[in-house]
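**Q** Before I ask anything, let me first share the structure, which is written out below as structure tokens.
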Amino acid sequence: MGTYVSKQPAGTQRRTSSIRSRISSKRWPAQHPSEMPSKQSAGNQRSPNLNPETSLEINLDCAADRRYRASNVSTDEIKDVPVAKTNIRLQEPEFLVEQLGALIEHPEKYSSHHRVIARLAHQVYEILEGNCLIYQLYELIEEPQKFAKNEKELTILTRRASTVFENPYQTYHRIAYSGLPLIISRIAQDYNLLKTLVVGDNEAFSVSSLAEISGINEAILEIFLEYMAAQHIIEDTGKFLYKSNNVTKNLLEPIAVNGIPLFDDLLFPIIGCLGDSLKEYPGRNAYQIAFNTTLDLASWLEDSPELYRGVFELIQNQSDHVPSWHDVIDFEEEFASGSDEQSFVFVDIGGGTGNQCNILLEKYPNLKGRVILQEKLARLQVARVPDRVMKVPYDLFSDQHIRGAYVYYIRQVLHQHTDEAVIGILKAQAPAMREDSVLLIDEKVLPDMKIPKTTSLLNVTEMNILMVACFNAFDRRQDQWLGLLDKAGYEVAQIHPYSDLQDCIIVAKLKNQAAIQSPQFNEQSDVFNL
1 MGTYVSKQPA GTQRRTSSIR SRISSKRWPA QHPSEMPSKQ SAGNQRSPNL
51 NPETSLEINL DCAADRRYRA SNVSTDEIKD VPVAKTNIRL QEPEFLVEQL
101 GALIEHPEKY SSHHRVIARL AHQVYEILEG NCLIYQLYEL IEEPQKFAKN
151 EKELTILTRR ASTVFENPYQ TYHRIAYSGL PLIISRIAQD YNLLKTLVVG
201 DNEAFSVSSL AEISGINEAI LEIFLEYMAA QHIIEDTGKF LYKSNNVTKN
251 LLEPIAVNGI PLFDDLLFPI IGCLGDSLKE YPGRNAYQIA FNTTLDLASW
301 LEDSPELYRG VFELIQNQSD HVPSWHDVID FEEEFASGSD EQSFVFVDIG
351 GGTGNQCNIL LEKYPNLKGR VILQEKLARL QVARVPDRVM KVPYDLFSDQ
401 HIRGAYVYYI RQVLHQHTDE AVIGILKAQA PAMREDSVLL IDEKVLPDMK
451 IPKTTSLLNV TEMNILMVAC FNAFDRRQDQ WLGLLDKAGY EVAQIHPYSD
501 LQDCIIVAKL KNQAAIQSPQ FNEQSDVFNL
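Start counting the sequence shown at 1; every next residue gets the next number (the UniProt record's numbering).
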């Protein structure tokens with residue numbers, strides 16, 4: 001590997017931080033669309049270009065200024081930036097939050113620096129998943145751990161701040177080219193560019209060395225690497241030398257290694273047909289149009305083993321990055337305290353490859369009773385579960401034949417189906433349930449009120465759009481779940497939220513087994529309690 005590692009020649013002037021090295025000194029023609037002021041900033045003087053040869057020596061009442069003396073930012077670029085003359089609050093994360101809020105409310109005050117702020121805000125978003133406003137953004141990028149307690153609010157504000165100065169061309173360009181990161185990241189994975197950079201740790205690689213390793217034409221690879229650096233997927237260290245950063249490493253985690261090819265091969269083509277599917281709703285969904293089939297997605301995947309395996313691996317990878325429902329429920333104490341070796345203690349309905357059975361037994365290795373995985377036969381054949389888990393073929397729409405179990409559990413299955421189908425699935429479980437049996441539904445339960453703007457809101461809405469594209473279905477709100485369960489003959493005892501992605505465990509019982517009131521939300525315990 002060392003053969004391909006290129007270092008800067010001795011005597012080369014030390015580069016400044018990566019974000020400043022990407023601020024070009026080249027002057028674009030005034031007619032370039034990205035230089036044209038937006039309507040908000042019309043009439044303001046165009047931001048002067050940054051000169052990497054300019055040395056900066058200023059005296060502001062801010063301790064952070066010392067770290068940026070002699071930086072590659074011109075005096076003209078920062079002299080008119082509104083600066084708070086407070087050397088105490090300036091270093092506090094709360095002050096940065098206030099400044100970003102002011103930027104969003106009054107962007108015209110910062111319009112002469114919109115290009116710098118947009119670049120910084122975009123990289124903050126990449127780091128935190130994220131003057132003295134400009135200086136604080138530099139500090140946030142270089143030392144994000146100092147601002148970690150405000151991570152969510154900063155991510156929301158910087159994402160919004162990166163668009164407040166956009167003119168029509170910039171908005172079009174951002175949205176029209178939004179699919180490129182997926183495509184280029186897939187190429188970087190397939191040609192081992194990411195792995196090469198990460199294995200090289202902090203070493204910088206030249207374009208020619210990466211071209212030799214990957215086999216990609218050097219001229220084309222240079223374009224790809226410049227784009228990846230502009231998107232902060234890799235770090236540009238200057239002189240066409242590149243190294244890894246935190247995003248590079250994230251893209252080598254299992255969730256990205258499995259998820260990016262799956263999106264590129266399967267889900268992105270489906271999303272591309274979403275508009276066409278609206279014309280046929282409630283007929284063919286976007287998936288059926290994309291692949292010209294009448295089969296449901298699950299059945300179609302059975303004939304595509306590689307994609308099928310990828311879907312379930314991604315589901316498991318995603319669960320590794322969110323809290324578990326076991327964090328809010330003591331399963332053994334609440335539901336299995338009286339079980340013995342012959343009891344059916346846990347029936348996982350439509351449990352895929354058995355991930356939830358595995359999690360349960362890892363959490364409670366001494367759990368008494370039999371654990372059942374129910375799925376279609378083809379899926380059971382690829383399930384990866386310990387010997388004590390019984391694999392039982394089962395069709396969701398047939399009567400439940402495991403009778404008298406302590407817990408019937410169904411995870412992320414019902415959201416794929418229409419209301420009528422969900423009621424049918426729920427009714428099929430009822431005859432098998434005994435007096436003290438419970439039905440645990442592990443699904444997203446969206447609040448009846450609008451979800452507050454948080455970093456997780458975007459994730460929730462993205463996944464909901466994907467549900468519409470794949471199934472003509474969507475995640476439901478609390479009242480919708482209560483209504484469906486009522487029609488199916490159940491009452492809800494509790495709803496336990498366990499992640500900021502609105503994942504919840506609904507604890508339901510048959511109506512005639514217990515008198516249950518409407519659940520009430522308890523903010524302190526994060527549980528809908530009676």
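Every residue gets a Cβ at the ideal spot worked out from N, C-alpha and C, and that includes glycine.
Report yes if the CB atom of Ile402 is closer than 8 Å to the CB atom of Ile441, and no otherwise.
**A** Counting from 1 along the sequence shown, the entry for residue 402 is found at position 402. Counting from 1 along the sequence shown, the entry for residue 441 is found at position 441. Cβ distance not < 8 Å, so Ile402 and Ile441 don't count as in contact.
**Q** Could you round the C-beta distance between Asn258 and Glu313 to whole angstroms and report it? I think they count as a contact, below 8 Å.
**A** One-based indexing of the sequence shown puts residue 258 at position 258. One-based indexing of the sequence shown puts residue 313 at position 313. Right, the Cβ-Cβ distance comes to about 5 Å (below 8 Å), so this counts as a contact.
**Q** Whether or not the region 259 to 267 and the region 304 to 311 are in contact is what I'm after, with contact meaning three or more pairs of Cβ atoms, one per stretch, closer than 8 Å; do they touch?
**A** Yes: at least three Cβ pairs fall under 8 Å.
**Q** Check the C-beta distance from Ile216 over to Ser185 and give it rounded, since I have them as a contact under 8 Å.
**A** Within the sequence shown, the letter at position 216 stands for residue 216. Within the sequence shown, the letter at position 185 stands for residue 185. Actually they are not in contact, since the Cβ atoms of Ile216 and Ser185 sit about 14 Å apart, beyond 8 Å.
**Q** Applying the criterion that 16 or more other CB atoms from any shown protein chain within 10 Å of the CB defines a buried residue, is Leu510 buried or exposed?
**A** The residue given as residue 510 occupies position 510 in the sequence shown. Result: buried.
**Q** Would Val345 and Ser339 be called neighbours here (beta carbons separated by less than 8 Å)?
**A** Position 345 of the sequence shown holds residue 345. Position 339 of the sequence shown holds residue 339. Cβ atoms of Val345 and Ser339: closer than 8 Å.
**Q** Just checking my contact of Ile117 with Ala161 at CB under 8 Å: how many whole Å lie between their CB atoms?
**A** For the purposes of this step, residue 117 is taken as the residue at position 117 of the sequence shown. For the purposes of this step, residue 161 is taken as the residue at position 161 of the sequence shown. Yes, they are in contact, since the Cβ atoms of Ile117 and Ala161 sit about 6 Å apart, within 8 Å.
**Q** As an exercise, report each continuous alpha helix (DSSP H) stretch of at least 4 residues that is fully enclosed by the region 287 to 321, in chain order.
**A** If we require 4 residues or more, the alpha helix (DSSP H) runs fully inside the region 287 to 321 come out as 297 to 301 and 305 to 319.
**Q** Starting from Ile505, trace the beta strand (DSSP E) in both directions and tell me its first and last residue.
**A** Position 505 of the sequence shown, counted from the first residue, corresponds to residue 505. Asp503 to Leu510 is the extent of the beta strand (DSSP E) around Ile505.
**Q** Using the C-alpha atoms, what's the distance from Val198 back to Phe397?
**A** For the purposes of this step, residue 397 is taken as the residue at position 397 of the sequence shown. For the purposes of this step, residue 198 is taken as the residue at position 198 of the sequence shown. So the two alpha carbons sit approximately 48 Å from each other.
**Q** Cβ atoms of Ala430 and Gly489: under 8 Å apart, would you say?
**A** On the sequence shown, position 489 is the one that residue 489 refers to. On the sequence shown, position 430 is the one that residue 430 refers to. For Gly489 and Ala430, yes; Cβs fall inside 8 Å.
**Q** Under a three-way DSSP split, which group does Gly101 fall into?
**A** Stepping through the sequence shown from its first residue, residue 101 is reached at position 101. Helix at Gly101.
**Q** Quick one: give me the first and last residue of the beta strand (DSSP E) that Leu446 is part of.
**A** Residue numbering aside, residue 446 sits at position 446 when the sequence shown is read from its first letter. Start and end: Val438 to Leu446.
**Q** According to DSSP, is Gln231 part of a helix, a strand, or is it coil?
**A** Within the sequence shown, numbered from 1, the residue matching residue 231 stands at position 231. Gln231 falls in the coil class under three-state DSSP.
**Q** To the nearest angstrom, report how far apart Ala102 and Leu251 are at their CA atoms.
**A** The sequence position of residue 102 within the sequence shown is 102, counting from 1. The sequence position of residue 251 within the sequence shown is 251, counting from 1. One C-alpha to the other measures close to 34 Å.
**Q** For the putative contact between Phe268 and Leu182, defined by C-beta atoms under 8 Å, what is the C-beta separation to the nearest angstrom?
**A** The count along the sequence shown starts at 1 and reaches residue 268 at position 268. The count along the sequence shown starts at 1 and reaches residue 182 at position 182. The Cβ separation is near 7 Å, so the contact holds.
**Q** In three-state DSSP terms, what is Met390?
**A** Position 390 of the sequence shown, counted from the start, is the residue given in the question as residue 390. Correct three-state label for Met390: strand.
**Q** Bridge partners for Ser206 per DSSP, in chain order?
**A** Your numbering for residue 206 matches position 206 in the sequence shown. Bridge partners of Ser206: Leu241.
**Q** Closest by CA to His496, which one among Gln480, Asp486, Met463 and Glu443?
**A** Taking the first residue of the sequence shown as 1, we reach residue 496 at position 496. Per the Cα distances, Glu443.
**Q** Can you name the start and end residues of the beta strand (DSSP E) that Glu375 belongs to?
**A** Within the sequence shown, numbered from 1, the residue matching residue 375 stands at position 375. Unbroken beta strand (DSSP E) run through Glu375: Arg370 to Glu375.
**Q** Are the region 357 to 364 and the region 375 to 390 touching, with three or more C-beta to C-beta distances below 8 Å?
**A** Yes, they touch.
**Q** Can you tell me whether Pro282 is helix, strand or coil according to DSSP?
**A** Against the sequence shown, residue 282 aligns to sequence position 282. Coil.
**Q** Work out the CA separation of Leu367 and Ile349 for me, nearest whole Å.
**A** Numbered from its first residue, the sequence shown carries residue 349 at position 349. Numbered from its first residue, the sequence shown carries residue 367 at position 367. Their backbone Cα atoms lie some 19 Å apart in a straight line.
**Q** How should His122 be labelled, buried or exposed, when 16 other C-beta atoms within 10 angstroms of its C-beta is the threshold for buried?
**A** Counted from its first residue, the sequence shown places residue 122 at position 122. Buried.
**Q** Using 8 Å as the cut-off, can you tell me whether the region 275 to 295 makes contact with the region 234 to 249, which would need three or more C-beta pairs spanning the two stretches below that distance?
**A** Touching, no, given that fewer than three Cβ pairs across the two stretches are closer than 8 Å.
**Q** Could you check the C-alpha separation between Pro82 and Leu96 for me, to the nearest Å?
**A** Along the sequence shown, read from residue 1 onward, the residue named residue 82 stands at position 82. Along the sequence shown, read from residue 1 onward, the residue named residue 96 stands at position 96. Residue placement at Pro82 cannot be trusted, given a pLDDT of 47 that sits under 50; the coordinates are not used to answer.
**Q** Let's test the definition: count the other Cβ atoms within 10 Å of the Cβ of His321 and tell me whether it reaches 16, buried, or not, exposed.
**A** Here residue 321 is taken as the residue at index 321 of the sequence shown, counted from 1. His321 comes out exposed.
**Q** So which of Phe471, Val407, Leu180 and Asn464 has the shortest CA-CA distance to His417?
**A** The count along the sequence shown starts at 1 and reaches residue 417 at position 417. Checked all of Phe471, Val407, Leu180 and Asn464; the closest Cα to His417 is Phe471.
**Q** Using beta-carbon positions only, say whether Ile104 and Leu157 come within less than 8 Å of one another.
**A** Position 104 of the sequence shown, counting from 1, holds the residue named residue 104. Position 157 of the sequence shown, counting from 1, holds the residue named residue 157. Result yes, Cβ atoms of Ile104 and Leu157 sit closer than 8 Å.
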